[in-house]
Amino acid sequence: MRKKVLITGASRGIGEETARVLAKEGYDLFLVCRNSEEALQKIKRELEEEYQVSCQSALCDVSDPAQVETMMEQAGQVHILINNAAISYVGLLTDMTLEKWHQVIDTNLNALFYISRLVIPQMVRRREGKIINVSSVWGNIGASMEVAYSASKGGVNSFTRALAKELAPSGIQVNAAAFGVIDTDMNACLSKEELEALKEEIPADRIGSAREAAEMIRQIIQSPSYLTGQIITMDGGWN
């Protein structure tokens, strides 16, 4: 039986590229995004036609536990969970509304709890499973003007380490991939000048690609079972 991978935030960026990389490897997929149904359906058709894998999809706001429960009922058996969905907020903390703060924390951190708690029981029964959480270098070191995002990703890192210890006796791996600047829509708010300034700070002298991030996630999935509880950082030597 082929393994099924559930990917949140799968309609673009790292999520989309991860779906493409894993479909090529022969994994069946369950793709989730909040509202980009047309984009998700296009990806689904392309992957089914090109790689002959099973590809299901669902719209779900992962910050809403009720929607997550409905989505997980559709998903059925899940062997690998990739918690990728995230949003950002750039601005002074004092300018941030309570609503925006909760949106970031709910989407980037609380969603991991909502989804993982429903996936874990079946993984424990099988004594097999992998959970990969997509984090950020800002979760490691923090970023000015991105306090909520940094806090949420710092929480993702701690969530990963603690859950890995909890699930290791059941043969389940839990790891995180902490990425630096990746060329995705999340960075569309940055001007060309700001991106160039960022590149100058990165020893690799470039911004990473979503495909590189996806390949990193694939390698974590295919890593030895002894790798768990790790925050694996890929940032071009930046931090």
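Residue numbers (the numbering used here): 215 to 453.
All C-beta atoms, glycine included, are put in the ideal place defined by N, C-alpha and C.
| query | result |
| --- | --- |
| Expressed to the nearest angstrom, what Euclidean distance is found between the alpha-carbon atoms of Glu264 and Ser225? | 17 Å |
| Tell me Ile221's beta-bridge partners as DSSP assigns them. | Leu245, Ile296 |
| Asn249 and Val273 - do their beta-carbons sit closer together than 8 Å? | For clarity, residue 273 is Leu in the given sequence; the question names Val instead. Closer than 8 Å, so yes. |
| Using only the alpha-carbon positions, how far apart do Ala378 and Ala390 sit? | 10 Å |
| Whole angstroms are fine: how far does the CA of Glu408 sit from the CA of Arg341? | 47 Å |
| Considering only DSSP beta bridges, list what Ile445 is partnered with. | Ala390 |
| What does the Cβ neighbour count give for Asn324, buried or exposed, with the cut at 16 atoms within 10 Å? | buried |
| With respect to the alpha helix (DSSP H) encompassing Gly369, which residues constitute its N-terminal and C-terminal limits? | 361–381 |
| In whole angstroms, what is the alpha-carbon distance linking Leu441 and Val235? | 21 Å |
| Once DSSP output is grouped into helix, strand and coil, what is the label at Asn324? | helix |
| Hey, out of Gly422, Glu313, Asp449, whose CA is closest to Ile355's CA? | Asp449 |
| Report the three-state DSSP secondary structure of Val333 (helix, strand or coil). | helix |
| Going by alpha carbons, who is nearest to Met285 out of Val348, Arg259, Val246? | Val246 |
| Between the C-alpha atoms of Asp419 and Trp315, what's the straight-line distance to the nearest angstrom? | 33 Å |
| Taking Ser330 as the reference, give the member of Leu381, Ile445, Arg425 with the closest Cα. | Leu381 |
| In angstroms, rounded to a whole number, what distance separates the CA positions of Ile434 and Ile346? | 8 Å |
| Can you tell me where the alpha helix (DSSP H) with Ala280 in it begins and where it stops? | 279–289 |
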